[in-house]
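Residue numbers for the sequence shown follow the numbering used here, so the first one is 1409 and each next one is one higher.
So the structure is just underneath, and the comments pick up after that.
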Amino acid sequence: MDAFISCKRQRLSDPTMSLVPASSNTENTMTELAGDDESTDFKLALLLSLHPSLGEEALLEALLASDGSVEQASEALKLDLRLTSSPRKKFAPARDGTGYQSSLFTFSTTKERNGTEKRTQIIKKRLTKKGQTLYLYAPADVEAHTPCSIIHNFLPREQADALLLELLKEAPTFNRDSFKLFDRVVTSPHSFCFYVDGWDEVEKQRTEYVYNGGAVKDVRPSLPEMLKASTLVQEAVNGEIQRRLQNFYPNGKKLKYQSPQPWKPNTAFVNCYDGPTENVGYHTDELTYLGPRAVIGSLSLGVAREFRIRKIVAQDDNRSSKEEVANAQGQISIRLPHNSLLVMHAEMQEEWKHSIAPARSIEPHPLAKNKRINITYRCYKDSLHPKFTPKCMCGIAAALRCMQKKKESRGRYFWMCHASFQPDIDGCSFFKWAEFDEDGEPPWASRRKTEATYENPESEMKKLTEEIIEEPAESS
Ligand SMILES: O=C(O)CCC(=O)C(=O)O
Ligand SMILES: [Fe+2]
């Protein structure tokens, strides 16, 4: 056990790590060491060393019921031992009615040559199953099993509270979306508002952009705390993209169509879920202005809720059995506590659907009461401005979609009319395959670059030379 704790972990460079003192302080030292972003197995190992008489299952359940806090889990276990003679008593699910993470791994204890014991994570025990939800909390598990990564306690506490208060003030003026679904006009079961960075952009959004075949009436300039947070979100998301590239993508290479440019948010959808029943159903996010393989940074504030995701499996997927296909579509739930940043990576929108599930009950937040506020920071591409994209027969800039279900066309992008989503318009049958280069740019983006160079090659050359000269020399 000690061998496991003292094994080298990069972030735990504190010298106390290799010599966990056997004093009355041991527990505090150890629970402090278990930061929120430590993996479940590491936290489990700490708990096991604090409660050696308890079984792994009981420890894991306590940890998950305590939202990943080793300290709380340890307290709960002590209390539980006092109350019951059975140390394996099951912990109840979280009080707010959301589930908690089930065991993903089993462990083996092997002896090293020098006689010390080494605890290794060996088997990935549970994958998704039809009709069952796999609950995840620990960041290490989220990134290993989903196309997302999560950072808990993302903003400094005061900054998170200030941002929450800023948006709680605005939330009563948010709107509900109305759209047509199978000839019925439906209203979204939560409210939201769209923010862009600056008044110029507000004006452009109101007059030039098209959503579901119409204009968005309520567009607002991003608020001061939103902009402040946006800088931190940008930095963190770029860091997460790089980590994902290195740790999860084959040969550390970006996906086809994924942008190689740094991610820079310039718009934000802010959602408000007032009470446990408000939700958003399974969907993929609109790619029209984000382009293929979009990355989204999603900041959660206030009441903790469940973010559910489900893989989209091709209709004619040739897995060996129907059951296997159904299992692959099984749902995963990621708990989103106050002040957590979820990054939806480049594989998310094309291959997975996501939702915020209605909750059976919620734990009120001291500032937000029953509300959850969510900000999804997004990066709109200049090259996908509606003045460049194809227009449908109704004369409206078309929407970009990705084929998801049919195996032969899966992953191909196309432009289509989206006017029919408007309550009073029927729309047309416009359809056109969309083309993008390796970096997700449409053909007109490179044409525009060459034309500009061609129009005034000398001035373009001059600009380029100036840029190169202005680059500071690398210090050695
Ligand atoms: O509230 C959330 O976490 C998700 C919101 C969402 O999916 C969206 O704005 O598209
Ligand atoms: Fe979404």
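Each residue gets a CB set at the ideal place from its N, CA and C atoms; glycine is no exception.
Residue 1659 has its CB no nearer than 6 Å to any heavy atom of ligand 1. Annotation for residue 1693 indicates a beta carbon within 6 Å of some heavy atom of ligand 2. Between the region 1547-1557 and the region 1567-1575, the count of C-beta pairs closer than 8 Å stays below three; the two stretches do not touch. Taking C-alpha positions only, residue 1478 is separated from residue 1542 by approximately 21 Å. For residue 1714, the enclosing beta strand (DSSP E) stretches over residues 1713-1719. At a Cβ-Cβ threshold of 7 Å, residue 1810 and residue 1821 count as neighbours.
Residue range 1839-1841 is occupied by the beta strand (DSSP E) that includes residue 1840.
Annotation: the continuous alpha helix (DSSP H) that includes residue 1647 extends over 1632-1656. Relative to the Cα of residue 1769, the nearest Cα in the group 1639, 1714, 1799 and 1797 belongs to 1714.
The Cβ atoms of residue 1646 and residue 1670 lie closer than 7 Å to each other.
The three-state secondary structure of residue 1629, taken from DSSP, is strand. Inclusion of residue 1784 in the 6 Å shell around ligand 1 follows from its C-beta lying nearer than that to a non-hydrogen atom of the ligand. According to the DSSP assignment, residue 1569 belongs to the alpha helix (DSSP H) that extends over 1565-1578.
The residue from 1740, 1572 and 1613 with its alpha-carbon nearest to that of residue 1719 is 1740. Look at the beta carbons and you see the region 1625-1632 not touching the region 1650-1667: under three pairs across the two are nearer than 8 Å. With a cutoff of 6 Å, residue 1679 counts as near ligand 1, since its C-beta is closer than that to a heavy atom of the ligand. Secondary structure of residue 1780 (DSSP, three-state): strand.
Secondary structure of residue 1757 (DSSP, three-state): helix. Residue side-chain check: residue 1596 keeps its Cβ at 6 Å or more from all non-hydrogen atoms of ligand 1. By the C-beta density criterion, residue 1782 is buried, having at least 16 other C-beta atoms within 10 angstroms. Shortest gap from the CB of residue 1742 to any heavy atom of ligand 1: 6 Å or more. When secondary structure is reduced to three states using DSSP, residue 1614 falls in the helix class. Around residue 1716, the same chain offers 1739, 1741, 1763 and 1765 as residues with beta carbons nearer than 6 Å, after the five sequence neighbours per side are excluded. With fewer than 16 other CB atoms across the displayed protein chains lying within 10 angstroms of its CB, residue 1643 is exposed.
Counting the other Cβ atoms within 10 Å of the Cβ of residue 1699 gives 16 or more, which makes it buried. Put simply, the region 1691-1707 touches the region 1798-1817. At least three CB pairs are less than 8 Å apart. Within the same chain, and ignoring the five residues on either side of residue 1624 in sequence, the residues whose Cβ sits closer than 6 Å to its Cβ are 1602. A straight line joining the alpha-carbon of residue 1817 with that of residue 1851 spans about 20 Å. Closest in alpha carbon position to residue 1621, among 1485, 1711 and 1696, is 1696. Taken from the Cβ of residue 1720, every heavy atom of ligand 1 lies 6 Å or farther away. Excluding residues up to 5 positions away in sequence, 1662 and 1847 lie with their Cβ nearer than 8 Å to the Cβ of residue 1668 in the same chain. In the three-state DSSP reduction, residue 1595 falls in the strand class (E or B). DSSP assignment within the region 1770-1833 yields the following whole beta strand (DSSP E) runs of 3 residues or more, N-terminal first: 1779-1786, 1807-1810 and 1821-1824.
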